[in-house]
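Each remark here refers to the structure printed beneath this line.
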Amino acid sequence: MTGMRLSLPEASGNARLVDTAFFTVFGIAAVIFVALFILLVVFSIRYRRGTRARRGPLPSLLRREIEIGWTTATTFVAIFIFWWFVGGFTLPPRAAPNQLEIHVVAKQWMWKAEHPDGAREIDALHLPVNTPIRLVMTSEDVIHSFFVPAFRLKQDVLPARSEVLAFTPTRIGDFHLFCAEFCGTQHSRMTGDIVVMTQPDYAGWVRRQPHGDNLVRQGEALFAKFGCGACHAPESQVHAPKLAGLYGTRVTLADGRRLTADDAYLRNAILHPRDGTVAGYAPIMPDYAGVAGPADIDALIAYLKSQSGLKSQSGLKSQSSPKSQSSPKSQSSPQADR
Amino acid sequence: MTDAALPARPVPDYLHHGHTIWSWLSTTDHKRIGILFAVSITLFFTIGAVAIAVVRLELLTPAGDLVSDDTYNKLFTLHGIVMVWFFLVPSIPVTFGNFLLPLMIGAKDLAFPRINLLSWYLYLGGAAFTVATIIAGGVDTGWTFYTPYSTMFSNGAVLTAVAGVIVVGFSSVMTGVNFIATTHMLRAPGMTWFRLPLFVWAMYATSLVMVLATPVLAMTLLLIMAERWFELPIFDPSRGGDPLLFQHLFWFYSHPAVYIMVLPAMGVASEIIACFARRRLFGYAFMVYALIGIAVIGFFVWGHHMFVSGQSPYANVVFSFLSFMVAVPSAIKVFNWTATLYRGSIVFTAPMLYAFSFLGLFTIGGLTGLFLATVPIDIHVTDTYFVVAHFHYIMVGASVSAFFGGLHFWWPKITGRLYPELWARFAAVLMFFGFNLTFFPQFVMGYLGMPRRYHVYPPEFQVYHVLSTGGAALLGGAYLMPLAYLVWSLFYGRRAGANPWEAQGLEWQAPSPPPHDNFLTPPRVGDPYDYHPPEGPAALMDDAA
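Chains A and B supply the protein sequences, listed in that same order.
Each residue of the first sequence is one higher than the one before, starting from 25 at the first, in the numbering used here.
Each residue of the second sequence is one higher than the one before, starting from 370 at the first, in the numbering used here.
Below, the structure written as structure tokens:
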């Protein structure tokens, strides 16, 4: 048994904020609790049966004022906490321009991560310190949840959906990664190590990894394999949306919705095209659900991004110099970030 | 008071109104049905407790050395399903509610006595499915049945488990309908709405929630059966389904279900505190509004279970705000109970000690709810032991304390016997400390990052798990003690008389135990909390004892 530990390292920009909120609310709760406790003890002693305390009735006017008084006070305390810590925090910040985008796939019972230039790891995630990170996460089977206590961050990871978690690690060290959503037999063993390193150490670590094809090249191969080009290639005779430059633009659907073509939209458009047929096109594309796996979709989306002038897959360069080629269009939709 | 103080009764009490087992199994007497339910839920409380005892033993060490991963998962699932649907949801309504609601409003029985009996048989039907689930090897989804795990991946007996919950849900709905009809139709002459004891108001508010929310649960679980049995793609995303849909539907029931569990406890605490503080409840009308307010707002906060689920951040803000709003009526109630003690004449009987436990534990549970309503904090502590501790403070700390408080308070009415006071006080104090030792360390380890539903865990959390298991042992002992001394009192306890507490509710005007038709003479209806001279400027006098 190790000794009792009462503090948890704050290893991300978000952690400080959460702790401030936590200990402020703790302070408010403690004041209320102690006040009630003192009242209970004082009343219990003073008004126990047989004491000579005054026991006359209260004037009804006073009772009414007390009641209205503490109803109002409680409402204001509740609104204060809400306004201070929820109103300002919850709406997502705009995506930082030079994020390092890492794809995470959860499955029973492991975490797989793929870094921008193809370095892969399982049940571990190496991250450079003080670099904005953008995790794009999906699940191959059930709902999992990516939870790093030291970052004070948690995000459920769902099948057939892209969930994005954006944060900046601020402290070097090894931290726990837990799966926080019950996912079956070995749920409690679906853990990993978050290793936050200096930026040069991270660059060195990436260089030492065996490199598979990077995502863009995998995506290009899949684009050919699934025959996407038959309709979507610029020279195709089929009346289908052309995909170059699509990522990040606004799209109008046949049912009138207007959306941003982000990861989540593209994933759904590949898996279930008829959920969101683009205005002006016939709903002729087949479903790729069951054909393209989650990792395939990640690769395809990476390829589509690269076709939008978004060569964002060179993460190493991106941390040393903010990318100049990233157009305003590349801002991902606000819904996807937290 | 003893039997000698009462006139010889030609009318037998309800316990002696028939002697055969069949007279119990076919009874339509609300009091006997209350007893049948009490025996049934005690049995299931025991099953749920044994399951969690093994879990707590397993968690003494970080390694999984007592049971296998699958067994562990099945044990905490069983604990959750049994404790929520076969103990906590029915607990106070089907026992004290059944027994006392007609007595408190001066009626002979509930509005639909046969439906009341049917409600018990449905409970047994649901219970049979649950026992079948255990025999079939158990189920490992957690009591929340999250999809797509429950529909496409789990190898457990999901169908029987879900069927049991659906069936027992109809039992709740029937009880709710019965209570609503009874409160509307069968109040004695002079029993106006604002003379109803708060326990009756609590039953009424609870019944509204039961009747409105439980059908949603039944529908949701039927969808699980449809996908698992007939492979209809409802939640499976690879075929166009939406796994999050399940969570919305499930929590639309299961958040109000928390209020099904705690509103009755508030009713019980209100009766006990007024009686043993010898004081009219402070702010009666506000207490009624708060009960109804909690029941209504409780329907609009389900999304706070889903802040990290992938739900839109805008929805998170709305649900966060509504969750803060439901805190207000809860706080009002706590202040009013405390203020009721002011200028009272307090007696620290065992029921009063349980009511104090209820008050303290409900306050801690409620205040930690503020943390969870705050989105950034919730993102960190949701699905950790912080949440486990929070809802146990409300559902076990508050509700079960109130259940034991009510059990002791009305024991003389139900059985005609007094329980041994000293033992009862000791058990109440032990239960309070055992509970806090079990669950307070869980707040700390939850903040430090210990996820819930973990069979193996990193060693730095062990110290908290050891404390928690130690507390659970004390708590288990404290739960067993009443079982022993209450059974003893059935045979050897002093005779109670009609009104041992000199309480004001109508139920105390009936003999103890009451006869089959409840009242020998029509009850006198008055202020349910007439414990001291009426309040107002005219009565501003010092009447110190």
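Each residue gets a CB set at the ideal place from its N, CA and C atoms; glycine is no exception.
Selection from the options that minimises the alpha carbon distance to residue i
i	options	result
B/N868	B/H885, B/L855 and B/F778	B/F778
A/I62	B/L710, B/G895 and B/H834	B/L710
B/N685	B/T707, B/P828, B/Y518 and B/V670	B/V670
B/A557	B/Y490, B/L567, B/E600 and B/K477	B/K477
B/P471	B/D438, B/Y492, B/L435 and B/Y573	B/Y573
A/V219	A/P193, A/E244 and A/A45	A/P193
A/L60	B/T707, B/L806, B/M521 and B/F860	B/T707
A/D217	A/L149, A/R73 and A/L82	A/L149
B/Y762	B/T718, B/F599, B/P810 and B/D747	B/P810
A/Y312	A/F202, A/G51, A/T96 and A/L246	A/L246
B/T513	B/T732, B/W620 and B/A582	B/W620
B/R483	B/R647, B/S395, B/V677 and B/R597	B/S395
A/C133	A/V262, A/Q210 and A/V188	The question names Cys, but residue 133 of chain A is Trp in the sequence shown. Of the listed residues, the one whose Cα sits closest to A/W133 is A/Q210.
A/I69	B/M452, B/R712, B/E876 and B/T890	B/R712
Residue i at chain A interface by Cβ criterion, 8 Å
i	result
B/A867	no
B/G662	no
B/N805	no
B/V825	yes
B/D382	no
B/D911	Its pLDDT being 37, under 50, B/D911 is placed unreliably in this model, and the value from its coordinates should be taken loosely. Answer yes: the Cβ-Cβ gap between B/D911 and chain A drops below 8 Å somewhere.
B/F704	yes
B/F468	no
B/V677	yes
B/N485	no
B/T743	yes
B/Y515	yes
B/R786	no
B/D896	no
With 16 other Cβ atoms within 10 Å as the buried cut-off, status of residue i
i	result
B/L447	buried
A/G280	exposed
B/T389	exposed
B/Y653	buried
A/D286	buried
A/P152	buried
B/P679	According to the sequence as given, residue 679 of chain B is Gly; it is not Pro. Under this definition B/G679 is a buried residue.
A/S314	Here residue 314 of chain A turns out to be Gly, not Ser, going by the sequence shown. Under this definition A/G314 is an exposed residue.
B/N524	exposed
A/E138	buried
B/T510	buried
B/S858	buried
A/Q337	Confidence is the limiting factor: at A/Q337 the pLDDT is only 39, short of 50, which leaves the residue's position unreliable, though a coordinate-based value still follows. A/Q337 comes out buried.
CB contact below 8 Å: residue i versus chain B
i	result
A/A130	no
A/P173	yes
A/V55	no
A/W94	yes
A/G314	yes
A/K266	no
A/E91	yes
A/Y71	yes
A/D198	no
Helix, strand or coil at residue i according to DSSP, with G and I counted as helix
i	result
A/R158	strand
B/D478	coil
A/D180	strand
A/A254	helix
B/H824	coil
B/G734	helix
A/R213	helix
B/R864	strand
A/C207	coil
B/W512	coil
B/G895	coil
Expected contact under 8 Å - CB spacing of residue i and residue j to nearest Å
i	j	result
B/A505	B/A532	Wrong, their Cβ atoms sit about 12 Å apart, outside the cutoff.
A/P140	A/L159	Wrong, their Cβ atoms sit about 12 Å apart, outside the cutoff.
B/S681	B/A742	Wrong, their Cβ atoms sit about 17 Å apart, outside the cutoff.
A/L32	B/L836	With a Cβ gap of about 18 Å, A/L32 and B/L836 do not count as contacting.
B/S770	B/Y723	5 Å
B/I715	A/R72	5 Å
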